[in-house]
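**Q** What follows is a structure written as structure tokens; I'll ask about it next.
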Amino acid sequence: MATANPLISSFNAGELTPLLDGRPDHAKYYSGCRKLENMIPLPHGGATERPGTYFVASTKDHNRKCRLLRFEFSTTQAYILEFGHYYIRFYKDGGQITSGGVPYEVATGYAEDELFELQFAQSADTLYIAHQAHNPAQLTRTGHTSWTFGAITFTDGPYLEENTTDITLTPSGTVVGTSITLTASDNLFDADMVGGWFRLKHGSTWGYVAVTAYISATEVTASVMSTLGDTTATDVWREGAWSAYRGYPACVCFFEERLCWAGSPTKPQTIWLSSTGSFFDHTPDGTDSDDAMALTILSDRVNVIRWMVPQNYIIAGTVGAEWRIGGASSSDPITPTSVNAKRQSTYGSNTVQGILINDVVVFVQRQGRKLRELVYNYDADVFAGRDLTLLAEHITNGRDSSDNVGIVSMDYQNEPYSLLWAVRYDGQLLCLSYERSEEIGGWSRMITQEVTGGSFESVAVIPGDEEDEVWVSVKRTINGVTKRYIEYFKAFSWPDDKEDCFHVDSGLTWDGGDPAAITNITLANPVVIYATNTLSNGDNVRLTEVGGTEELNDNVYTVANATGSSFELSGIDGSAFTAYTGGGLFQQVENSFDGLSHLANMVAAVCAEGGALDEVTISSGGTVTLDDYYSKVHIGLPFTARLQPMKIEAGGVKGTSRGQTKRISHLTANFYKTLACSAGPDEDNLTEIVFDQDDDPYTGEKDIPFKGRHEVSGDILLVNDKPLPLTVLSIAAFVDTYERR
Numbered sequence: 001m002a003t004a005n006p007l008i009s010s011f012n013a014g015e016l017t018p019l020l021d022g023r024p025d026h027a028k029y030y031s032g033c034r035k036l037e038n039m040i041p042l043p044h045g046g047a048t049e050r051p052g053t054y055f056v057a058s059t060k061d062h063n064r065k066c067r068l069l070r071f072e073f074s075t076t077q078a079y080i081l082e083f084g085h086y087y088i089r090f091y092k093d094g095g096q097i098t099s100g101g102v103p104y105e106v107a108t109g110y111a112e113d114e115l116f117e118l119q120f121a122q123s124a125d126t127l128y129i130a131h132q133a134h135n136p137a138q139l140t141r142t143g144h145t146s147w148t149f150g151a152i153t154f155t156d157g158p159y160l161e162e163n164t165t166d167i168t169l170t171p172s173g174t175v176v177g178t179s180i181t182l183t184a185s186d187n188l189f190d191a192d193m194v195g196g197w198f199r200l201k202h203g204s205t206w207g208y209v210a211v212t213a214y215i216s217a218t219e220v221t222a223s224v225m226s227t228l229g230d231t232t233a234t235d236v237w238r239e240g241a242w243s244a245y246r247g248y249p250a251c252v253c254f255f256e257e258r259l260c261w262a263g264s265p266t267k268p269q270t271i272w273l274s275s276t277g278s279f280f281d282h283t284p285d286g287t288d289s290d291d292a293m294a295l296t297i298l299s300d301r302v303n304v305i306r307w308m309v310p311q312n313y314i315i316a317g318t319v320g321a322e323w324r325i326g327g328a329s330s331s332d333p334i335t336p337t338s339v340n341a342k343r344q345s346t347y348g349s350n351t352v353q354g355i356l357i358n359d360v361v362v363f364v365q366r367q368g369r370k371l372r373e374l375v376y377n378y379d380a381d382v383f384a385g386r387d388l389t390l391l392a393e394h395i396t397n398g399r400d401s402s403d404n405v406g407i408v409s410m411d412y413q414n415e416p417y418s419l420l421w422a423v424r425y426d427g428q429l430l431c432l433s434y435e436r437s438e439e440i441g442g443w444s445r446m447i448t449q450e451v452t453g454g455s456f457e458s459v460a461v462i463p464g465d466e467e468d469e470v471w472v473s474v475k476r477t478i479n480g481v482t483k484r485y486i487e488y489f490k491a492f493s494w495p496d497d498k499e500d501c502f503h504v505d506s507g508l509t510w511d512g513g514d515p516a517a518i519t520n521i522t523l524a525n526p527v528v529i530y531a532t533n534t535l536s537n538g539d540n541v542r543l544t545e546v547g548g549t550e551e552l553n554d555n556v557y558t559v560a561n562a563t564g565s566s567f568e569l570s571g572i573d574g575s576a577f578t579a580y581t582g583g584g585l586f587q588q589v590e591n592s593f594d595g596l597s598h599l600a601n602m603v604a605a606v607c608a609e610g611g612a613l614d615e616v617t618i619s620s621g622g623t624v625t626l627d628d629y630y631s632k633v634h635i636g637l638p639f640t641a642r643l644q645p646m647k648i649e650a651g652g653v654k655g656t657s658r659g660q661t662k663r664i665s666h667l668t669a670n671f672y673k674t675l676a677c678s679a680g681p682d683e684d685n686l687t688e689i690v691f692d693q694d695d696d697p698y699t700g701e702k703d704i705p706f707k708g709r710h711e712v713s714g715d716i717l718l719v720n721d722k723p724l725p726l727t728v729l730s731i732a733a734f735v736d737t738y739e740r741r
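Take the sequence shown: its position 572, counting from 1, is numbered 572 in the working numbering, and each next residue is one higher.
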């Protein structure tokens, strides 16, 4: 028998693919995990349990998905937008924006099945929206409850190429603002061309019209937008590039003060760039450096452009490749006479919009299973793509009921840690701890309502006061009924007070506030407390540190006749109490809570004043009563955090310990600000680690008895199913290995 005690000092390689189980020689093996659920790998090496999610509001329609999107005017003016079935609702400062007591919303033209195909670009108070089936649109904010959504009206374009057929167009009038008939010499028009444009040339004069009504295949009604040169027939004309007939661009971005659109059904590889500083002007055929322009990527295959990310170049992802588009040389701006498109890779891109993280573009590969980064290589003068899921190829393998697989939504959190969040089709939320400069890229999985049915459907991130806020739309099964909620993760950094640790899902907090000073007490019938307060009659308070009148200390009383400067202790006769000598504190406490109707009839976890209580069942009316009174209480759905390191490889006398019988006798784990954890070889054989919940969260080492068996694998599993914090910095295992003969 050989004895060894290997130290597992890092978990920041995250959850590794099962295909690496046999690779202890791999550089990331000893900092990886076989399982990392509801925990986040930290760049320093440890892993911490994720915070819980705070309930904000129900979505408009529990039977339909919605998509969350950030709207960031500045770091102090940021909103979450709930894009739903033909509507948008708005959230700010942790709550839903209302008007007249109801959720504020605006109507849109986007159906549920189109929401995750939308792409966006923002400039100041305006969000520009692209979808192949809809005219490019804009959402503009002019006030907290003043938003306007509508189709964009462009100026003179963009257009397809000039007509090369024998078909002529004859306008019945030429004056701007008049309604005319536009007649074609042969079948040309379609009912879906209504709203589209035609540009006509007579002599040297170009003018354009907007189609307003369909009459026949050879005749439409149109409005003159720019003076036409004549009413005679002309075969020099151009059809508008976008219409219900031709389709609309699929993606949008800003680049060098131009608003750029790309990826229409008719022109899948064309990018249309507005004139500089005039976002809606697409007047064609200009040659000045600030004129509008159109660029078609020339390649061996026609692949639609699925997303664009502005950097020093436009980085564009198509179905079959990734491209960079810019000026003729790297130092030149893009202009009608100076433009260059170069293929960078041939991985192919998914419809999920790419993300710029510092100087790196991160995108989902075509099939939705791989996440790649595009990083500029100066030596090769090309953007190279590394597979961020290579060591965790299993991590995106989640399918929904329609057999869709992979990533459906993602966003990036910069503070307090560099974390990329991605929603899988099956409802798990993936987290990538991403510090490229330190070669850190560790995955973990977030699971909500594991037993009773919950799934994440969308994620978006906005800046908060001290760290970025991660918002999610969540589908839940509540008392057997499907519900959809908007929630956000509480603070990821460790709070100063353990009472603020929030580790429940879809939870709410009741907060009685900090203890406040008592200035005087009258020991009468009833007792009168003098103190500045905001209490209401019927509230409950606990008194402490009262000088002299010890009878009042550590008891809970009901408030009566409250004013801003005093309140009575209802039914308490203090005339025979010991004389009051000064001091004392009061704090509002409660044991009965309402407002939990979104969790009606569900079993809930409770954290009260930093300690875990027994689970409770929320009443059908959304209320719950605890056995005691508390000053701060978090109530919500429980979740379980799991950390399982890679298989132990230590103790082999003549080489590897693989295949040899092992027994782990005990562990020494190094914790940081932790209040709960259990450890064992599997979930059926866990030993609860004792932490004093009356003390501050524990930092330091703990010796852990371990129910180790004589087995080949030598598994270690750490679990926390309580609504309390857990952070693991390292694990030392004491292993006996028995040589096979």
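Just so it is clear, CB atoms sit at the ideal spot from N, CA and C, and this is done for glycine as well.
For SER329 and TYR313, I'd like the C-alpha separation in whole angstroms.
**A** So the alpha carbons of these two residues sit roughly 11 Å apart.
**Q** Secondary structure at HIS598, three-state DSSP: helix, strand or coil?
**A** Helix, per DSSP.
**Q** Among all the DSSP beta bridges, which residues are the ones paired with SER185?
**A** SER185 is not bridged to any residue.
**Q** Taking all protein chains shown into account, decide if LEU390 is buried (16 or more other Cβ within 10 angstroms of its Cβ) or exposed.
**A** By the neighbour-count rule (16 or more Cβ atoms within 10 Å), LEU390 is not buried but exposed.
**Q** Tell me whether LEU726 sits in a helix, a strand or coil according to DSSP, three-state version.
**A** Of the three classes helix, strand and coil, the one that applies to LEU726 here is coil, per DSSP.
**Q** For the 8 Å Cβ check, are there 3 or more pairs between the region 699-714 and the region 662-669?
**A** The answer is yes - the region 662-669 touches the region 699-714, with three or more Cβ pairs under 8 Å.
**Q** Nearest by alpha-carbon distance to GLY84: which of THR3, TYR485, SER275 is it?
**A** Of the candidates THR3, TYR485, SER275, the one whose C-alpha sits nearest the C-alpha of GLY84 is TYR485.
**Q** Tell me, please, whether the region 137-157 touches the region 166-183 by the rule of three or more beta-carbon pairs shorter than 8 Å.
**A** No, because fewer than three Cβ pairs between the region 137-157 and the region 166-183 fall closer than 8 Å, the two stretches do not touch.
**Q** Count the other CB atoms, across all protein chains shown, that sit within 10 Å of the CB of ILE40; report buried if there are 16 or more and exposed otherwise.
**A** That one is buried.
**Q** Evaluate contact between the region 541-550 and the region 514-527, counting only Cβ atoms and requiring at least three cross-stretch pairs below 8 Å.
**A** Yes, since at least three Cβ pairs between the region 541-550 and the region 514-527 fall closer than 8 Å, the two stretches touch.
**Q** Using 10 angstroms around the beta-carbon of GLY101, count the other beta-carbons present and answer buried if the total reaches 16, otherwise exposed.
**A** Exposed, since its Cβ has fewer than 16 Cβ neighbours within 10 Å.
**Q** Kindly list the residues whose CB is nearer than 8 Å to the CB of THR623, restricted to its own chain and excluding five residues on each side of it in sequence; keep chain order.
**A** Excluding residues within five positions, the ones whose Cβ falls inside 8 Å are SER592, PHE593, ASP594, LEU596.
**Q** When you compare each of ALA222, VAL728, GLY326, LEU188 to GLY173 by their alpha carbons, which one comes out closest?
**A** For GLY173, the nearest C-alpha among the options comes from ALA222.
**Q** Taking C-alpha atoms, which residue in GLY45, VAL209, GLN96 lies nearest to THR231?
**A** The candidate whose alpha carbon is nearest that of THR231 is VAL209.
**Q** Are the CB atoms of ASN163 and ILE152 within a distance shorter than 8 Å?
**A** No, they are not a contact pair.
**Q** Give, in chain order, every unbroken run of the beta strand (DSSP E) that is at least 3 residues long and sits entirely within the region 143-220.
**A** Entirely contained in the region 143-220, the beta strand (DSSP E) runs reaching 3 residues are, in chain order, 146-151, 159-162, 169-171, 179-184, 197-202, 205-216.
**Q** Going by beta carbon distance, what residues of the same chain come within less than 6 Å of VAL459, once the five residues before and after it are set aside?
**A** Excluding positions up to five away in sequence, the list reads SER409, ASP411, TRP421, VAL423, VAL472.
**Q** Take the Cβ of GLN365 as the centre, count every other Cβ of all protein chains shown within 10 Å, and call the residue buried at 16 or more, exposed below.
**A** By the neighbour-count rule (16 or more Cβ atoms within 10 Å), GLN365 is buried.
**Q** Tell me which residues share the same chain as PRO24 and place their Cβ nearer than 6 Å to its Cβ, disregarding the 5 neighbours each side in the sequence.
**A** Closer than 6 Å at Cβ, skipping near neighbours: GLU649.
**Q** Name the DSSP bridge partner or partners of ALA47?
**A** BP columns for ALA47 point to PRO41, VAL728.
**Q** Starting from the Cα of LEU599, find the closest Cα among GLN449, LEU667, PRO697 and give me that residue.
**A** Among GLN449, LEU667, PRO697, the Cα nearest to that of LEU599 belongs to GLN449.
**Q** So, is the C-beta of GLY680 closer than 8 Å to a C-beta in chain B?
**A** Note that chain B does not occur in the displayed structure, where there is just one protein chain.
**Q** The beta strand (DSSP E) that contains PRO645, what's its start and end?
**A** From DSSP, the beta strand (DSSP E) with PRO645 extends over 641-645.
**Q** Go to ILE572, then tell me how far its beta strand (DSSP E) extends in each direction, as first and last residue.
**A** ILE572 -> no beta strand (DSSP E), and no H or E assigned at all.
**Q** Name, in chain order, the residues that DSSP records as bridge partners for ALA460.
**A** Note: ALA460 sits in a beta bridge opposite TRP471.
**Q** Once the 5 residues before and after THR640 are set aside, which same chain residues still bring their CB inside 6 Å of it?
**A** For THR640, where only same-chain residues beyond five positions count, the Cβ hits under 6 Å are ASP721.
**Q** Can the beta-carbon of ILE407 be found closer than 8 Å to that of LEU371?
**A** Closer than 8 Å, so yes.
**Q** What is the DSSP secondary structure of ARG751, reduced to helix, strand or coil?
**A** Not covered by the structure: residue 751. The range shown for the chain is 1 to 741.
**Q** Ignore the nearest five residues each way along the sequence and tell me which others in GLY398's own chain have a CB closer than 6 Å to its CB.
**A** Excluding positions up to five away in sequence, the list reads ARG424, TYR425, ASP426, GLN428.
**Q** Ignore the nearest five residues each way along the sequence and tell me which others in PRO416's own chain have a CB closer than 6 Å to its CB.
**A** Contacts found: GLU467, PHE492, SER493.
**Q** Quick one: give me the first and last residue of the beta strand (DSSP E) that ALA531 is part of.
**A** Segment: none, ALA531 is in no beta strand (DSSP E) and carries neither H nor E.
**Q** Taking the straight line between their C-alpha atoms, what separation do you get for ASP387 and GLU373?
**A** In a straight line, the C-alpha of ASP387 is about 7 Å away from that of GLU373.
**Q** Would you mind stating whether ARG305 and THR318 have Cβ atoms separated by less than 8 Å?
**A** Looking at the sequence provided, one finds Ile at residue 305 rather than Arg. Cβ distance < 8 Å, so ILE305 and THR318 count as in contact.
**Q** Span of the beta strand (DSSP E) holding TRP494?
**A** Segment: none, TRP494 is in no beta strand (DSSP E) and carries neither H nor E.
**Q** Who are the near neighbours of SER99 in its chain, counting only those whose CB is closer than 7 Å to its CB and skipping five residues on each side?
**A** Cβ within range, chain order: THR145.
**Q** From the DSSP output, in three-state form, read off LYS28 for me.
**A** Looking at LYS28 - three-state DSSP - the assignment turns out to be coil, as it is neither helix nor strand.
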